[in-house]
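In my numbering, the protein residues as written are 1394 to 1898. Heads up, the beta-carbon is just placed ideally off N, CA and C, and yes, glycines get one too. All remarks here apply to the structure that follows.
Listed below in structure tokens is the structure:
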């Protein structure tokens, strides 16, 4: 591998304070460090609190700098009575002030910053870079296909997106090999999206890239072989570059990996207490039959309704296969506003845990996902299709049952089933109702996936039919291609090396 021969290039990575942003930012930072860069990771105080208990597993040499956005306690954004717009403005203002000071301080100390990299929703970083005559680069932590969709929404295709209000309309976009119904679009791109502030933020995320006279770059958490058409779909001046999958380095075969001296650990946001829980879960998995366990997890943000949990539980208990189901403790408080409702949730959980033991299932509040997915006992992964989880499942060759909730997850689920064919999607049930004039029948889409539908998907990926065999074959194919992209001379590793060389010419 070509080493960086000049003074260490100093790259700052600014990340949004959420697990889904922090994890790929950490993995990206580690790869930069191992290419000889000096790296400072910038996030809010609340974001840093998610890292505070895992110092021993942070990449060696990584510096962390934090600023206060006024909501320093994790979860205080949601609890605050301030409106969303005020929160955004406050974060942007305080973040920009801090970053300007960081740039000046490092310049005075002889460690000048040569590039600012930022994740979604942080367009103010590009403004700071411009004011300081520094290059800025967007680290897009979702698929390239999703970026393309937002680009078209922001550049002349608004009327086409509006047609998606018709549930039978399929949206076709230049360069993208699949079409989309409204339910397959990223939720913030949907004309039915109830979050106009986030929709506008995503549009602004794209438009800011056109302000730099074509000098902008977008580093995408994907790889050429996975999304070649999406990476090259746009007729734009800025460049999209695949540098993924941004996954823990221990998931990559050491014999193939292009970076030497990779620490023998999984980079993730785990506390010491969670490490003990991890060991207990892995010990339990060691007693299970190969490829027999259904692993169910919906990430760190999605709140699954009581009704939906009941349907999932019904499917798992009737499936006659052992399972590992993660139900976060914080979901009880988020879903139930009244004390009696919270007590009822606790009673339901105790009941489902008792029933789970009868069929060989296990319910936990947390697990180390990459360690679980790496275990040979796992047969499939029921996932919300967050992009990090999707890539982890793909890179470990685990068949997926796509159970999307919001944001890019709906599009990721479509790609999983229709493009990469490494899993199946659940179908949300339909409820019929009569229109108010009683002259025509309308169909209302339910928000709950029924237990029978979940069982259907589980049988497809865990059964003995041709669908299962083809999914497993495809899963192994994409696993190998992902590893190839990260090895010496692989597409993503070469792209990242070229980026580092260019930044510090």
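Cα-Cα separation, residue 1880 to residue 1889: Mapped onto the chain shown, residue 1880 falls at position 487. Mapped onto the chain shown, residue 1889 falls at position 496. Residue 1889 has its alpha-carbon roughly 12 Å from the corresponding atom of residue 1880.
Nearest-angstrom Cα separation, counted from residue 1755 out to residue 1749: Counting from one through the chain shown, the residue named residue 1749 turns up at place 356. Counting from one through the chain shown, the residue named residue 1755 turns up at place 362. Going from the Cα of residue 1749 to the Cα of residue 1755 covers about 6 Å.
Spatially closest choice to residue 1485 from 1520, 1453, 1456, 1508, by CA coordinates: The count along the chain shown starts at 1 and reaches residue 1485 at position 92. It is 1520 whose Cα lies nearest to the Cα of residue 1485.
Spatially closest choice to residue 1411 from 1538, 1404, 1440, 1873, by CA coordinates: Walking along the chain shown from the start, residue 1411 turns up at place 18. From the listed residues 1538, 1404, 1440, 1873, the smallest Cα separation to residue 1411 is found for 1440.
Validate contact between the stretch 1756-1775 and the stretch 1677-1689 using beta carbons, cut 8 Å, 3 pairs: Contact holds: three or more Cβ-Cβ distances are below 8 Å.
Residue burial classification, residue 1863 (beta-carbon count within 10 angstroms, cutoff 16): Translated into positions along the chain shown, residue 1863 becomes position 470. Exposed is the label assigned to residue 1863, since fewer than 16 other Cβ atoms lie within 10 Å of its Cβ.
Beta-bridge pairing of residue 1523 - partner residues as DSSP gives them: Numbered from 1 along the chain shown, position 130 holds the residue referred to as residue 1523. Paired residue(s): none; residue 1523 is not in a bridge.
Beta carbon of residue 1717 nearer than 8 Å to that of residue 1757: Taking the first residue of the chain shown as position 1, residue 1717 is located at position 324. Taking the first residue of the chain shown as position 1, residue 1757 is located at position 364. In this structure, residue 1757 lies closer than 8 Å to residue 1717 by Cβ.
Beta carbon of residue 1509 nearer than 8 Å to that of residue 1407: For the purposes of this step, residue 1509 is taken as residue 116 along the chain shown, with counting starting at 1. For the purposes of this step, residue 1407 is taken as residue 14 along the chain shown, with counting starting at 1. Contact: yes.
Boundaries of the beta strand (DSSP E) in which residue 1814 is found, first to last residue: If you number the chain shown from 1, residue 1814 lands on position 421. No beta strand (DSSP E) holds residue 1814; DSSP gives it neither H nor E.
Under the three-state DSSP convention, the category residue 1887 falls into: Here the question's residue 1887 lines up with position 494 in the chain shown. Under the three-state reduction of DSSP, residue 1887 is assigned to helix.
Residue 1531 in three-state terms, based on DSSP: Along the chain shown, read from residue 1 onward, the residue named residue 1531 stands at position 138. Residue 1531: strand per DSSP, three-state reduction.
Chain-order list of residues whose beta-carbon lies under 6 Å from that of residue 1695 (same chain, five-residue window excluded): On the chain shown, residue 1695 is found 302 positions in, with the first residue counted as 1. 1777, 1798, listed in sequence order.
Coil, strand or helix - residue 1664 by DSSP: The residue given as residue 1664 occupies position 271 in the chain shown. Any reading at residue 1664 needs caution, since the residue's pLDDT is 49, under 50, leaving its predicted position unreliable; the model's value is listed next. Coil, per DSSP.
Contact check, residue 1512 vs residue 1532, beta carbons under 8 Å: Indexing the chain shown from 1 puts residue 1512 at position 119. Indexing the chain shown from 1 puts residue 1532 at position 139. The answer is yes: Cβ separation under 8 Å.
Residue 1431, enclosing beta strand (DSSP E) - first and last residue: Translated into positions along the chain shown, residue 1431 becomes position 38. Membership of residue 1431 in the beta strand (DSSP E) is indicated by the continuous run 1431-1437.
Residues near residue 1832 in its chain [Cβ-Cβ closer than 6 Å; skip 5 each side]: Here the question's residue 1832 lines up with position 439 in the chain shown. Note that residue 1832 scores a pLDDT of 34, beneath 50, so its modelled location is shaky; the value from the coordinates is reported in the next line. Short of 6 Å from the beta carbon of residue 1832, and not among the five residues preceding or following it, lies no beta carbon of its own chain.
Whole-angstrom C-beta distance between residue 1506 and residue 1405, which should lie under 8 Å: Mapped onto the chain shown, residue 1405 falls at position 12. Mapped onto the chain shown, residue 1506 falls at position 113. The C-beta distance from residue 1405 to residue 1506 rounds to 5 Å, short enough to fall under 8 Å.
The alpha helix (DSSP H) enclosing residue 1846, as first and last residue numbers: Position 453 of the chain shown, counted from the first residue, corresponds to residue 1846. From DSSP, the alpha helix (DSSP H) with residue 1846 extends over 1844-1855.
Residue 1496 at chain C interface by Cβ criterion, 8 Å: Absent from the structure is chain C; it holds one protein chain and no more.
Under the three-state DSSP convention, the category residue 1511 falls into: Reading the chain shown from its first residue, position 118 is the one you call residue 1511. Of the three classes helix, strand and coil, the one that applies to residue 1511 here is strand, per DSSP.
Cα-Cα separation, residue 1578 to residue 1779: By 1-based counting over the chain shown, the position of residue 1578 is 185. By 1-based counting over the chain shown, the position of residue 1779 is 386. Near 14 Å, if we compare the C-alpha coordinates of residue 1779 and residue 1578.
Near the ligand COA: residue 1481 beta-carbon under 7 Å from a heavy atom: Summarising the ligand content, the structure contains no ligands, and the ligand COA is consequently not present.
One or two residues paired with residue 1688 in a DSSP bridge: As a first step, residue 1688 is located in the chain shown; it is residue number 295 there, counting from the start. Answer by DSSP bridge pairing, in chain order: 1717, 1774.
Span of the alpha helix (DSSP H), counted from its first residue to its last, around residue 1588: Along the chain shown, one-based indexing puts residue 1588 at 195. First-last for residue 1588: undefined, no H or E at that position.
7 Å CB neighbourhood of residue 1517 in its chain, flanking five on each side removed: Mapped onto the chain shown, residue 1517 falls at position 124. Around residue 1517: 1485, 1488, 1489.
DSSP state of residue 1412 mapped onto helix, strand, coil: In the chain shown, the residue the question calls residue 1412 occupies position 19. Looking at residue 1412 - three-state DSSP - the assignment turns out to be helix.
Environment of residue 1869 [buried if 16+ CB atoms lie within 10 Å]: Mapped onto the chain shown, residue 1869 falls at position 476. By the 10 Å Cβ count, residue 1869 comes out exposed.
Cα-Cα separation, residue 1403 to residue 1433: As a working mapping, residue 1403 is identified with position 10 in the chain shown. As a working mapping, residue 1433 is identified with position 40 in the chain shown. So the two alpha carbons sit approximately 8 Å from each other.
Contact belief for residue 1375 with residue 1584 at Cβ below 8 Å, rounded distance in angstroms: No information on residue 1375 is available, as it lies outside the stretch 1394 to 1898 that the chain covers here.
Closest Cα partner of residue 1788 within the set 1882, 1437, 1619, 1571: As a working note, residue 1788 is residue 395 in the chain shown. That would be 1619, whose Cα lies nearest to the Cα of residue 1788.
Where the beta strand (DSSP E) containing residue 1635 begins and where it ends: As a working note, residue 1635 is residue 242 in the chain shown. Boundaries of the beta strand (DSSP E) harbouring residue 1635: 1632-1635, taken from the DSSP string.
Distance, residue 1597 Cα to residue 1563 Cα: Counted from its first residue, the chain shown places residue 1563 at position 170. Counted from its first residue, the chain shown places residue 1597 at position 204. Roughly 25 Å between the two C-alpha positions.
Coarse secondary structure for residue 1722, derived from DSSP in three states: In the chain shown, the residue the question calls residue 1722 occupies position 329. Residue 1722 falls in the coil class under three-state DSSP.
Status (buried if at least 16 other CB within 10 Å, exposed otherwise) for residue 1891: Stepping through the chain shown from its first residue, residue 1891 is reached at position 498. Looking at its Cβ environment, which holds fewer than 16 other Cβ atoms inside 10 Å, residue 1891 is exposed.
Separation of residue 1859 from residue 1593, as counted between CA atoms: To locate residue 1593, count along the chain shown from 1; it is residue 200. To locate residue 1859, count along the chain shown from 1; it is residue 466. Approximately 44 Å, taken between the alpha carbons.
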